[in-house]
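Residue numbers (this note's numbering): 169 to 314.
Working notes, beginning with the structure itself.
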């Protein structure tokens, strides 16, 4: 005696980002006693693709380095230790945007590196575009797989 029931229940639906609960209930006969035993399994999913989460993770790390580079330059941090590492990474990440705006000098000779700000904005926009493309591709794959 084996009876299998599957129940899918969508909690929210935001286009291709579906979140919800998947419940599977199975009734089987216990071989020793012959009594029926019910097993239930519930899974919850967020609906977000792991690749989307990965893109936002990378974008967050890039923006964090650029923000630290901007803050360290603006506050006049010395070019030693961790700050030297942040300056090197920030300079590499902002290099495509260097020269578009002049670097300004704030109070006490501290630098305002506008290339860092522009780079943060551009990298977030690029990440959002990549996420949109990945979401559209995964939504199309989900509809063709049904």
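Every residue gets a Cβ at the ideal spot worked out from N, C-alpha and C, and that includes glycine.
Just so you know, these numbers come straight off a predicted model, no measurement behind them.
Straight through space, the alpha carbons of residue 206 and residue 238 are spaced by roughly 60 Å.
In this structure, residue 252 lies away from residue 245, with their beta-carbon atoms at least 7 Å apart.
In the structure shown, residue 280 falls within a strand segment according to DSSP collapsed to helix, strand and coil.
The Cβ atoms of residue 236 and residue 254 sit closer than 7 Å to each other. According to DSSP, residue pairing for residue 269 in a beta bridge involves 266. Of the other Cβ atoms in all chains shown, 16 or more fall within 10 Å of the Cβ of residue 281; this residue is therefore buried.
Exclusion of the five residues before and after residue 269 leaves 282, 283, 286 as the residues of its chain whose Cβ lies within less than 8 Å of its Cβ.
In the three-state reduction of the DSSP assignment, residue 196 falls in the strand class, which pools E and B. At least 7 Å separates the beta-carbon of residue 278 from that of residue 256. The beta carbon of residue 223 sits closer than 8 Å to those of 295, 298, 299, 302, all from its chain and outside the five residues before and after it, given in chain order.
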